[in-house]
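Chemist:
If you want it as C-alpha coordinates, here you go:
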(Lines of atoms letter the chains of each structure in order from A; the text may use other names.)
(Lines give C-alpha, C1' and ligand atoms only; values in the text may rest on other atoms or scores of the structure.)
Protein backbone atom coordinates (compact mmCIF):
# COMPACT_ATOMS: atom_id res chain seq x y z
CA UNK A 571 0.00 0.00 0.00
CA UNK A 572 1.08 3.56 -0.64
CA UNK A 573 -0.39 6.65 1.03
CA UNK A 574 0.59 10.16 0.01
CA UNK A 575 -0.64 13.71 -0.23
CA UNK A 576 -1.07 15.31 -3.64
CA UNK A 577 1.05 18.32 -2.66
CA UNK A 578 4.03 15.97 -2.14
CA UNK A 579 3.93 14.98 -5.82
CA UNK A 580 5.81 17.33 -8.17
CA UNK A 581 3.71 19.50 -10.46
CA UNK A 582 4.84 19.00 -14.06
CA UNK A 583 4.35 21.12 -17.14
CA UNK A 584 1.97 19.69 -19.73
CA UNK A 585 3.08 21.82 -22.66
CA UNK A 586 -0.15 23.81 -22.47
CA UNK A 587 0.15 27.29 -20.96
CA UNK A 588 -1.38 27.46 -17.49
CA UNK A 589 -1.89 23.68 -17.22
CA UNK A 590 -0.02 21.38 -14.82
CA UNK A 591 -0.23 17.69 -13.99
CA UNK A 592 0.69 15.58 -10.98
CA UNK A 593 1.02 11.83 -11.58
CA UNK A 594 -0.47 10.61 -8.28
CA UNK A 595 -0.63 6.91 -9.12
CA UNK A 596 1.29 5.38 -11.99
CA UNK A 597 3.25 2.23 -12.82
CA UNK A 598 6.17 3.85 -10.95
CA UNK A 599 4.26 3.03 -7.74
CA UNK A 600 3.45 -0.46 -8.98
CA UNK A 601 0.02 0.29 -10.49
CA UNK A 602 -0.59 -2.24 -13.24
CA UNK A 603 -4.07 -1.34 -14.43
CA UNK A 604 -4.79 2.38 -13.93
CA UNK A 605 -3.06 5.72 -13.50
CA UNK A 606 -4.48 8.66 -11.55
CA UNK A 607 -3.53 12.22 -12.45
CA UNK A 608 -4.32 15.60 -10.91
CA UNK A 609 -4.70 18.44 -13.41
CA UNK A 610 -4.79 22.16 -12.64
CA UNK A 611 -5.87 24.64 -15.31
CA UNK A 612 -5.46 28.29 -14.36
CA UNK A 613 -8.22 30.73 -15.37
CA UNK A 614 -8.54 30.85 -19.16
CA UNK A 615 -6.13 27.93 -19.70
CA UNK A 616 -7.20 25.10 -21.93
CA UNK A 617 -6.35 21.68 -23.20
CA UNK A 618 -7.43 21.69 -26.86
CA UNK A 619 -9.76 19.13 -28.39
CA UNK A 620 -7.99 15.78 -28.81
CA UNK A 621 -8.74 12.06 -28.59
CA UNK A 622 -7.10 8.75 -27.65
CA UNK A 623 -8.01 5.10 -27.85
CA UNK A 624 -8.44 4.87 -24.06
CA UNK A 625 -11.20 6.02 -21.75
CA UNK A 626 -11.02 8.70 -19.03
CA UNK A 627 -12.85 8.88 -15.71
CA UNK A 628 -12.81 12.43 -14.35
CA UNK A 629 -13.86 14.01 -11.06
CA UNK A 630 -13.89 17.81 -10.68
CA UNK A 631 -12.20 18.63 -7.36
CA UNK A 632 -12.21 22.43 -7.45
CA UNK A 633 -13.22 25.31 -9.69
CA UNK A 634 -15.29 25.61 -12.82
CA UNK A 635 -14.83 25.05 -16.51
CA UNK A 636 -16.11 23.89 -19.84
CA UNK A 637 -15.68 20.36 -21.16
CA UNK A 638 -16.39 19.86 -24.85
CA UNK A 639 -16.57 16.95 -27.26
CA UNK A 640 -16.43 19.31 -30.24
CA UNK A 641 -20.21 19.28 -30.69
CA UNK A 642 -21.50 20.16 -27.22
CA UNK A 643 -20.12 22.13 -24.29
CA UNK A 644 -20.80 21.15 -20.70
CA UNK A 645 -20.32 23.53 -17.79
CA UNK A 646 -18.68 21.61 -14.94
CA UNK A 647 -17.93 22.53 -11.35
CA UNK A 648 -16.71 21.03 -8.10
CA UNK A 649 -18.35 17.68 -7.45
CA UNK A 650 -19.20 16.87 -11.08
CA UNK A 651 -17.86 13.72 -12.71
CA UNK A 652 -17.67 12.51 -16.27
CA UNK A 653 -16.76 9.57 -18.42
CA UNK A 654 -15.00 10.08 -21.75
CA UNK A 655 -15.21 6.94 -23.94
CA UNK A 656 -12.24 5.82 -26.06
CA UNK A 657 -11.76 7.81 -29.28
CA UNK A 658 -14.23 10.55 -28.29
CA UNK A 659 -12.83 14.07 -28.82
CA UNK A 660 -12.53 16.04 -25.59
CA UNK A 661 -11.14 19.39 -24.51
CA UNK A 662 -11.10 21.42 -21.31
CA UNK A 663 -11.12 25.15 -20.44
CA UNK A 664 -11.00 26.80 -17.02
CA UNK A 665 -13.64 29.49 -16.54
CA UNK A 666 -13.15 29.93 -12.79
CA UNK A 667 -9.92 30.87 -11.02
CA UNK A 668 -8.90 27.24 -11.57
CA UNK A 669 -10.30 24.01 -12.90
CA UNK A 670 -8.82 21.13 -10.92
CA UNK A 671 -9.68 17.51 -11.59
CA UNK A 672 -8.66 13.92 -11.07
CA UNK A 673 -8.35 11.92 -14.26
CA UNK A 674 -8.02 8.14 -14.26
CA UNK A 675 -6.76 6.32 -17.34
CA UNK A 676 -5.60 2.79 -18.16
CA UNK A 677 -1.92 2.12 -17.51
CA UNK A 678 -0.94 1.84 -21.17
CA UNK A 679 2.56 2.58 -22.52
CA UNK A 680 1.25 5.13 -25.02
CA UNK A 681 -0.74 7.00 -22.33
CA UNK A 682 1.94 7.40 -19.67
CA UNK A 683 5.33 9.13 -19.95
CA UNK A 684 8.45 7.01 -19.64
CA UNK A 685 9.47 8.60 -16.33
CA UNK A 686 6.26 7.30 -14.70
CA UNK A 687 7.18 3.66 -15.32
CA UNK A 688 9.01 1.54 -12.75
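Numbering (the working numbering), first residue to last: 571 to 688. All C-beta atoms, glycine included, are put in the ideal place defined by N, C-alpha and C.
Do residue 589 and residue 630 have their C-beta atoms closer together than 8 Å?
Modeler: Contact: no.
Chemist: Which residue marks the beginning of the beta strand (DSSP E) containing residue 660, and which one marks its end?
Modeler: 660-676 is the extent of the beta strand (DSSP E) around residue 660.
Chemist: Below 8 Å on the Cβ atoms is my guess for residue 604 versus residue 674; work out the distance and round it to an integer in Å.
Modeler: So it is a contact: roughly 5 Å between Cβ atoms.
Chemist: Sorted by chain position, which residues of the same chain lie with C-beta nearer than 7 Å to residue 671's C-beta, five sequence neighbours on each side aside?
Modeler: Only 609, 628, 629, 630, 631 meet the Cβ criterion.
Chemist: Quick check on the DSSP output: the beta strand (DSSP E) that includes residue 608 runs from which residue to which?
Modeler: Counting along the chain, the beta strand (DSSP E) containing residue 608 begins and ends at 604-612.
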